[in-house]
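Novice:
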Amino acid sequence: MSGTSEGPTPAADLDRSAVTVSDIKAPTRRTAAEDTDGGPPAYRSVFAAAPLAMAVVDREGLVTDANEALGGLLGGGTAGLVGRSAADLLDLASDARTWHAYREVLRGRQAKLRCTRRLKRPDGRSLWAQVTVAPLDGGPGGVLLSVTDVSGHRELQARLRHLQMHDPVTRLPNRTLFFERVTGALEAESYEQSGTGRIGLCYLDLDGFKAVNDTLGHRVGDRLLAAVAERLTACAEEAGRTRPSVPLVARLGGDEFALLVEDSTGTEQLADLAESVLKVLQAPFDLSGQRLNVSASIGVVERHAAGTTATGLMQAADTTLYWAKVDGKDRWTLFDPERNAHLMTRQALASTLRPAIERGEFRLDYQPLVGMSDGRLRGVEALVRWDHPRFGLLPPNRFVALAEEDGSIVPLGRWVLATACRQAREWQLAHPDDQPLFVSVNVAVRQVWDSDLVADVAEILAETQLDPALLQLELTESAVMGSAGRPLQALQALSDMGVNIAIDDFGTGYSNLAYLSRLPVSVLKLDGSFVRGFQYEGTGAPPNPADEVVVEAMIDLAHRLGLTVTAECVETSAQATRLRRIGCDTGQGWLYSRPVPPDRISELMAGASYAVGNP
């Protein structure tokens with residue numbers, strides 16, 4: 000009979016410790032009378048007849064007596080046991096902790112040892128045995144060793160563990176076992192001793208699986224999942240033919256699967272695996288006459304194991320899977336740290352938007368709106384900036400869309416409107432002899448729906464004492480052209496109040512010119528894409544005559560409807576000249592000024608007009 004530990008005890012072993020807490024007792028001492036008592040030991044009759052396998056071991060660790068039950072259990076009879084080392088028979092020296100505890104019991108320094116060992120019989124069969132070693136009372140010095148066959152219990156434990164760690168539908172490892180394997184692969188001792196020191200993961204989700212469940216029922220859905228699992232397993236086995244190990248395939252829940260590659264050789268290996276997964280899923284599934292097609296989106300992550308956590312790996316995989324979905328599905332996407340950094344920045348901004356409004360982290364710059372005919376400053380557009388304590392000064396395109404998503408655009412928009420109106424009134428009071436500037440403020444559609452914009456404007460105009468005619472509200476073309484119900488009523492009420500309504504980026508959205516005549520709009524702002532078509536003059540490239548025809552037609556139509564036209568993105572004098580020639584009313588762009596602080600606008604009001612027609 001020989002013993003072997005054969006690797007670490009499985010996680011489900013309920014008695015892994017060499018010494019249990021309840022077994023640590025103070026050793027009992029025998030009296031002198033007991034030590035000198037002659038005759039056969041008091042335990043001998045019970046020892047021989049007991050069904051429990053037992054042996055007496057002296058202080059040197061050698062078996063001095065053994066009963067028939069132990070001989071039968073170990074498969075060699077009792078004759079061959081006497082004089083043998085108990086540690087060799089029962090594999091007590093295979094690990095340091097058990098060996099130390101056993102020697103302490105032999106020396107009388109520890110009360111008891113209980114451990115579980117895997118033993119091999121002479122006939123080749125194995126058994127799991129629970130070994131207990133305790134001081135022997137009522138006889139010569141030594142210890143009593145008892146052995147119980149717990150193989151049935153261990154087999155039951157193994158079956159229960161398998162059920163606990165595997166998905167009942169696909170029979171694949173489940174999320175619990177998957178994370179156990181990932182955590183083990185990321186332990187330093189796992190990747191430092193051998194392997195590549197890298198880890199890879201393909202995290203996939205079936206596209207449109209919910210529709211299968213909803214239309215054909217969960218039974219068909221479960222059969223589809225099982226069929227997908229078979230193909231993924233075959234794919235992993237094929238990938239493992241030329242690799243040291245086969246990727247672990249697991250079902251993480253729902254229609255989510257994962258393929259874990261330990262000791263990855265690089266992103267190329269993971270890319271090949273992802274490609275093969277997409278390919279094997281392309282063939283239709285025939286489920287008892289029900290023919291189904293399915294595709295998958297896959298997030299691929301590959302990195303050094305050092306410094307990586309299971310949570311971090313899965314977060315990266317989940318993010319990358321989302322990218323694959325957004326990018327069009329039926330594809331794999333590799334984790335991109337830069338893209339992830341942008342996403343994290345976006346999330347950081349979104350989470351701090353509302354507190355930033357309360358803390359006053361926003362400011363307004365103003366870009367001049369200049370008369371095309373005389374070059375004089377007519378008005379300004381208020382442009383909000385976020386002076387972020389971590390990311391610096393952020394332009395509107397970095398946070399306005401986020402504000403619209405979470406509703407913080409309402410308090411932010413109210414602050415912008417109040418600040419711009421107050422500033423316009425200050426300029427008017429500071430330059431009483433000059434024509435007052437109007438201020439143009441961008442308004443999001445959500446401000447119309449989620450707040451009483453009309454009441455807000457009326458209250459702010461009353462507080463600042465700004466003439467309504469000096470306030471212009473800009474809405475995008477797509478928002479204004481589709482207006483109906485409450486938005487249209489709000490725009491009409493604002494127009495009746497005397498506020499000017501402008502359509503921003505005109506020409507890029509619906510361009511429903513018939514509907515335009517029924518809206519309370521006073522200004523069209525031509526999108527910069529039209530104006531940029533004028534910039535080829537003087538560069539050697541011929542201008543596009545179609546651009547000028549289209550812009551001239553829009554300006555003519557606007558004038559016939561009683562509207563004024565502002566051209567955005569005017570950057571060269573050649574553009575300004577052509578816009579002026581075809582009748583554009585005002586211009587806005589870097590030719591005149593970039594967005595500037597309020598005090599700079601005051602300086603421009605005090606200065607001469609912008610040059611007309613000069614380069």
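The sequence shown begins at 0 in numbering that gives the first Met the number 0 and counts up by one. Glycine included, each C-beta is placed from N, C-alpha and C at the ideal position.
1. Count the other CB atoms within 10 Å of the CB of W331; is the residue buried (16 or more) or exposed (fewer)?
2. Please return the same chain residues whose Cβ sits closer than 7 angstroms to the Cβ of E236, not counting the five positions on each side in sequence.
3. Look at the Cβ atom of S296, then the Cβ atom of A323, and state whether they are nearer than 8 angstroms.
4. Measuring CA to CA, which of A210, P544 and V549 is closest to F505?
5. For A315, is the classification buried or exposed, using 16 other Cβ atoms within 10 angstroms of its Cβ as the cut-off for buried?
6. Give me the DSSP bridge partner(s) of F361.
7. Where does V81 land, buried or exposed, given buried means 16+ other C-beta within 10 angstroms?
8. Kindly list the residues whose CB is nearer than 6 angstroms to the CB of T131, restricted to its own chain and excluding five residues on each side of it in sequence; keep chain order.
9. Return the CA-CA distance between A282 and F177, expressed in angstroms with no decimal places.
10. Can you tell me which of A381, G406 and A423 puts its alpha carbon nearest to the alpha carbon of V415?
11. For H567 and R531, what's the separation of their Cα atoms in angstroms?
12. Only counting the same chain, and skipping five residues up and downstream in sequence, which positions put a Cβ closer than 6 angstroms to that of V279?
13. Of the residues T463, V447 and E404, which one's Cα is nearest the Cα of Q427?
14. Take every Cβ of the segment 214-227, pair it with every Cβ of the segment 183-201, and state whether three or more of those distances are shorter than 8 angstroms.
15. Considering E547, what are the terminal residues of the alpha helix (DSSP H) in which it resides?
16. In whole angstroms, what separates the C-alpha of R106 from that of Q268?
17. What residues match up with T563 in a beta bridge as DSSP calls it?
18. Can you tell which of A270, V379, D57 and A273 has its C-alpha closest to the C-alpha of P594?
19. What are the partner residues of C201, as DSSP defines its beta bridges?
20. Alpha carbon to alpha carbon, how far is L562 from R517? Give it in angstroms, no decimals.
21. From the DSSP output, in three-state form, read off R117 for me.
22. Given Y202, which residues of its chain have a CB within under 6 angstroms of its CB, disregarding the five upstream and five downstream residues?
23. Would you mind reading off the limits of the beta strand (DSSP E) that contains G82?
24. For A187, report the span of its alpha helix (DSSP H) as first-last.
25. Is the distance from the Cβ of L363 to the Cβ of L401 below 8 angstroms?
26. Count the other CB atoms within 10 Å of the CB of G615; is the residue buried (16 or more) or exposed (fewer)?
27. Whole-angstrom Cβ separation of V149 and Q129, contact assumed at under 8 angstroms?
28. Measure from the alpha carbon of A238 to the alpha carbon of each residue in R117, S263, Q422 and D221, then state which is nearest.
29. Assign R250 to one of three DSSP states: helix, strand, or coil.
30. Quick one: measure Cβ to Cβ for L69 and A92, integer angstroms, because I've assumed they're closer than 8 angstroms.
31. Which whole-angstrom value is the C-beta distance of V569 and L578, which I expect to be below 8 angstroms?
32. Alpha carbon to alpha carbon, how far is R117 from L159? Give it in angstroms, no decimals.
33. Between L286 and the rest of its own chain, which residues show a CB-CB distance below 8 angstroms, the 5 nearest in sequence each way excluded?
34. Note the first and the last residue of the continuous alpha helix (DSSP H) segment covering I581.
35. If we call anything under 8 angstroms between Cβ atoms a contact, is T565 one with K524?
36. A210: buried (16+ other C-beta within 10 angstroms of its C-beta) or exposed?
Specialist: Put simply:
1. buried
2. V245
3. yes
4. V549
5. buried
6. W385
7. exposed
8. R113 and S145
9. 27 angstroms
10. A381
11. The sequence as given places Glu at residue 567; His does not occur at that position. Taking the straight line from one Cα to the other gives about 9 angstroms.
12. R230 and C234
13. T463
14. no
15. P544 to R559
16. 57 angstroms
17. V522
18. V379
19. L258 and V299
20. 12 angstroms
21. strand
22. A257, G298, A316 and L320
23. First-last for G82: undefined, no H or E at that position.
24. A187 to E191
25. no
26. This structure cannot speak to residue 615, because the chain is shown only from 0 to 614.
27. 5 angstroms
28. S263
29. strand
30. No, L69 and A92 are not in contact; Cβ-Cβ is about 19 angstroms, not under 8 angstroms.
31. 7 angstroms
32. 19 angstroms
33. V219, R222, L223 and A226
34. No alpha helix (DSSP H) holds I581; DSSP gives it neither H nor E.
35. yes
36. exposed
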